[in-house]
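Position one of the sequence shown corresponds to residue 1 (full-length UniProt numbering), numbered consecutively onward.
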Amino acid sequence: MKGVVFTEFLEMVEARFGADRVDDILDDAQPASGGAYTAVGTYPHGEIVALVQALAVRTETPVPALLRAFGEHLFSRFVQAYPRFFVGMTDALVFLAGIEDVIHAEVLKLYPDAELPRFHVVLHEPQRLVLDYESSRHFEDLAEGLMRGCVAHFGGGIQVHREAVAPAHRVRFVLERS
Numbered sequence: 001m002k003g004v005v006f007t008e009f010l011e012m013v014e015a016r017f018g019a020d021r022v023d024d025i026l027d028d029a030q031p032a033s034g035g036a037y038t039a040v041g042t043y044p045h046g047e048i049v050a051l052v053q054a055l056a057v058r059t060e061t062p063v064p065a066l067l068r069a070f071g072e073h074l075f076s077r078f079v080q081a082y083p084r085f086f087v088g089m090t091d092a093l094v095f096l097a098g099i100e101d102v103i104h105a106e107v108l109k110l111y112p113d114a115e116l117p118r119f120h121v122v123l124h125e126p127q128r129l130v131l132d133y134e135s136s137r138h139f140e141d142l143a144e145g146l147m148r149g150c151v152a153h154f155g156g157g158i159q160v161h162r163e164a165v166a167p168a169h170r171v172r173f174v175l176e177r178s
């Protein structure tokens, strides 16, 4: 997993819970990398899982809630770090419908070895978007947080719902204007 995920997670933890909490979860998780992450590095997926689990224990917050909060944080950071992705964009449904073909294509130019989840557009209408998320990492809570962050960025007014679909590593997101 790309280091930017780790660095942004630790920055979120520091901002919300303090620098001591970052040290605590690094001590608790004991990542093989030692916890010295760089944005351009690549690290085992298990390390971010261990860090999130350690934070969940320390804060008594469920892992899914932490991942959704991190997704929202991460989206806001992407807006700041990659403003060119948002030029001319005025609608969350249009932006999210282009994740696979536009955003992920650009991410792969920056990080050719990135292992990205897949987003399949099932339905795209002016009032509704149905996306299937597929990943062996099962970070659907993070994906939901990113979507919620996107909706907030573009002014809200869209409900995000989740449905399980087969196979087990796939989740359907239904986004509808309210």
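Ideal Cβ positions, reconstructed from N, Cα and C, are used throughout, including at glycine.
If you're wondering where the values come from, they're calculated on a predicted model, not measured in any experiment.
Same chain only: Cβ atoms within 6 Å of residue i, ignoring 5 sequence neighbours per side
i           : result
residue 209 : Since the first residue of the chain shown is 1 and the last is 178, residue 209 is not available in this structure.
Arg-118     : Glu-134
Gln-127     : Arg-177
Same chain, Cβ closer than 8 Å to residue i, neighbours up to 5 away in sequence not counted
i       : result
Phe-154 : Met-89, Thr-90, Asp-91, Ala-92 and Phe-95
Asp-24  : Ala-54 and Arg-58
Asp-113 : Thr-42
Bridge partners - residue i, DSSP secondary structure assignment
i       : result
Phe-119 : Tyr-133
Val-174 : Val-130 and His-161
Thr-42  : Lys-2
Neighbourhood of residue i by C-beta distance below 7 Å, restricted to the same chain and skipping five residues each side
i       : result
Cys-150 : Phe-75, Ala-92, Phe-95 and Leu-96
Gly-157 : Arg-177 and Ser-178
Val-4   : Ala-39
Arg-21  : Val-13 and Arg-58
Gly-35  : Leu-26
Alpha-carbon to alpha-carbon, residue j and residue i
i       : j       : result
Leu-67  : Glu-14  : 15 Å
Phe-70  : Glu-140 : 12 Å
Val-49  : Tyr-111 : 21 Å
Ala-19  : Glu-11  : 9 Å
Thr-7   : Glu-100 : 23 Å
Leu-146 : Phe-173 : 12 Å
Arg-84  : His-104 : 14 Å
Tyr-43  : His-161 : 31 Å
Phe-9   : Leu-129 : 28 Å
Glu-115 : Ala-65  : 23 Å
Cβ-based burial, residue i [other Cβ within 10 Å; buried from 16]
i       : result
His-73  : buried
Lys-109 : exposed
Gly-46  : exposed
Val-122 : exposed
Glu-125 : exposed
Arg-148 : buried
Bounding residues of the alpha helix (DSSP H) (the contiguous stretch that carries residue i)
i       : result
Ile-99  : No alpha helix (DSSP H) contains Ile-99, which DSSP labels as neither H nor E.
Gln-127 : Gln-127 -> no alpha helix (DSSP H), and no H or E assigned at all.
Glu-144 : 140-153
Gln-80  : 63-81
His-104 : 104-110
Arg-21  : 19-29
Distance cut-off 6 Å: residue i Cβ against heavy atoms of the ligand GTP
i      : result
Gln-30 : What this structure holds is no ligand at all, so the ligand GTP is not there to describe.
Segment limits, beta strand (DSSP E) that includes residue i
i       : result
Ala-164 : 158-165
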